[in-house]
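**Q** Input: one structure, supplied below.
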Amino acid sequence: MEAHNFFLTLAVLLLAARFLSELAIRIGVPAVIGELAAGLIIGPSLLGLVSPDATMKLLAEIGIILLLFEVGMDTDVFRLAKAGSKPIVVAIAGVVFPFGFGYLVSHAMFGMSLLASLFIGGTLTATSIGITVRVLTDLGRRNSDEAQIVIGAAVLDDIVGVILLAFLYQFAVSGEMSLAATGKVGAYIVLFMLLSPFAAKLMAFIIGHFDRRSSSPGLLLTMALSLIMLFSYLAHAIGAPEIMGGFAAGIAMGQHFRVTLTERLRIPFSAYLNRIFAPSPELSHRLESQMRPLIHTFTPLFFVMVGISLNLKQVDWSSAFVWGLSVALLVVAVAGKLVSGFLIKEPRLQQAVIGLSMIPRGEVGLIFAQIGFANGILDAQVYAALLIVIALTTVVPPFIIKRIYQRNDTATAIDTQVSK
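The UniProt record's numbering puts the first residue of the sequence shown at 1, with every later residue one more than the last.
Right under this line is the structure:
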């Protein structure tokens with residue numbers, strides 16, 4: 001693509017993403033749905049203004065790496081460990097049921113390949129923590145018991161989802177699914193996830209050291225971005241998707257992450273090591289505030305490119321396969337998450353809210369679907385069915401949650417009036 005065409009295309013992508021996302025928010029729909037719609041409108045499906053291009057795909061890849069970095073920064077692993085068993089039960093059920101039944105429906109009922117069925121199952125496991133938290137915050141329930149359970153479960157879902165995606169990505173790239181290949185990928189992933197936070201924490205300390213002693217504008221942003229790109233490269237080098245590097249860097253540089261191993265070991269210079277590996281809330285806050293505009297500029301490009309990459313004109317909408325698969329996967333996607341809320345001991349209202357809050361798929365589900373489609377694992381028909389499921393599970397549950405709370409508040413108010 002020539003430079004002037006690239007600039008025009010980028011302008012169209014950014015403006016379309018921003019306009020449609022703002023419109024979506026105004027009508028009460030998550031912004032990611034507006035960005036997906038923008039891609040469908042300006043792409044081959046409707047206007048044909050933009051077609052999938054290697055350069056734009058690269059920018060979209062940067063966007064999703066930055067998004068996973070933000071998710072990592074917001075992930076409080078230690079809070080999850082202290083939250084008790086309820087978030088863990090909800091998270092495990094919310095992964096096992098959708099993944100297992102998604103795989104069975106795809107493989108047994110629709111005759112798809114093993115790898116395609118695994119990708120579909122993986123797509124259905126993800127929970128969009130951003131959408132869920134936004135809804136609960138808007139309703140003033142951000143600090144409620146059910147919200148804390150949902151947030152803990154969604155964080156664990158994100159971690160499991162990224163690890164699962166690493167396995168499926170490697171299977172898709174190598175075309176090999178043997179036990180030996182699985183063990184090799186697993187060993188690399190475990191090694192990377194164990195060592196990368198230590199390395200990132202050390203580099204974050206160095207970044208903070210230079211930042212405190214320099215008045216150069218943009219130094220913190222430049223060094224942090226370099227760290228993210230480096231870890232994305234290292235993730236790819238071990239056979240994991242690049243987004244895992246962004247996720248690991250985000251966890252290590254977040255204000256919640258703390259390395260406690262050096263505090264427990266009696267080794268020379270332990271006090272100095274403790275200072276290096278201690279969390280730095282001030283640095284994390286400054287980094288997050290500087291990264292956010294960049295993240296919110298690049299991330300929409302990924303979701304717009306998801307819409308552009310699907311040509312709806314190539315989908316046979318009269319096919320019973322597309323609609324049958326969509327309905328079957330929608331049932332699995334809803335039931336598999338909804339049941340998770342009823343496996344813990346809570347009042348019925350809280351159980352329903354927890355189950356419904358786990359349903360939205362949003363960003364991570366789109367990442368699964370896009371990687372499967374881009375690597376030829378999923379065809380256009382299956383990809384379209386997954387986008388339908390992701391869109392419906394992202395849009396509908398927030399409205400139901402709001403309605404449940406409104407009815408409960410109304411009933412409570414009536415009971416209060418009667419008691420008086």
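We put the beta carbon where it would ideally sit given N, CA and C, even for glycine.
(1) Counting C-beta neighbours from all protein chains within 10 Å, is the total for M193 16 or more, i.e. buried, or is it exposed?
(2) On a CA-only basis, which of S232, V50, I33, E35 is nearest N5? Give me that one, please.
(3) Over the uninterrupted alpha helix (DSSP H) stretch that includes K86, give me the two end residues.
(4) Just to confirm, are F99 and L164 a CB contact at a threshold of 9 Å?
(5) Leaving aside the five residues before and after V29 along the sequence, list all residues of the same chain whose C-beta is less than 8 Å from its C-beta, in chain order.
(6) Among Q351, Y233, G94, F302, which has the Cα closest to the Cα of L14?
(7) For L261, does the count of other Cβ atoms within 10 angstroms reach 16, so buried, or fall short, so exposed?
(8) Kindly indicate which three-state DSSP category R26 falls into: helix, strand or coil?
(9) Using the Cβ count rule (16 or more neighbours within 10 Å means buried), how would you classify K86?
(10) Helix, strand or coil: how does DSSP classify F19 here?
(11) Nearest to L220 by CA position, among I404, A384, G34, L287, is which residue?
(12) Kindly list the residues whose CB is nearer than 7 Å to the CB of F101, restricted to its own chain and excluding five residues on each side of it in sequence; keep chain order.
(13) Beta-carbon within less than 6 Å of A60's beta-carbon, same chain only, minus the 5 sequence neighbours each way: which residues are those?
(14) Taking V364 as the reference, give the member of A154, I404, I377 with the closest Cα.
(15) Among the residues of its own chain, which have a CB less than 6 Å from the CB of residue 468, if the five just before and after it don't count?
(16) Leaving aside the five residues before and after A147 along the sequence, list all residues of the same chain whose C-beta is less than 6 Å from its C-beta, in chain order.
(17) Within the 9 Å Cβ cut-off, does L283 reach chain B?
(18) Identify whether G324 lies in helix, strand or coil by the three-state DSSP scheme.
(19) Within the same chain, show all residues whose beta-carbon is closer than 8 Å to that of G324, passing over the 5 residues directly before and after it, in chain order.
**A** Looking at the coordinates:
(1) buried
(2) V50
(3) 85–104
(4) yes
(5) V395
(6) F302
(7) Any reading at L261 needs caution, since the residue's pLDDT is 48, under 50, leaving its predicted position unreliable; the model's value is listed next. By the 10 Å Cβ count, L261 comes out exposed.
(8) helix
(9) buried
(10) helix
(11) L287
(12) V332, G336
(13) L301, F302, M305
(14) A154
(15) In the structure as shown, the chain starts at 1 and stops at 420, and residue 468 therefore has no counterpart that could be examined.
(16) L136, R141
(17) Protein chain content of the structure displayed is limited to a single chain, and chain B is not contained in it.
(18) helix
(19) F110
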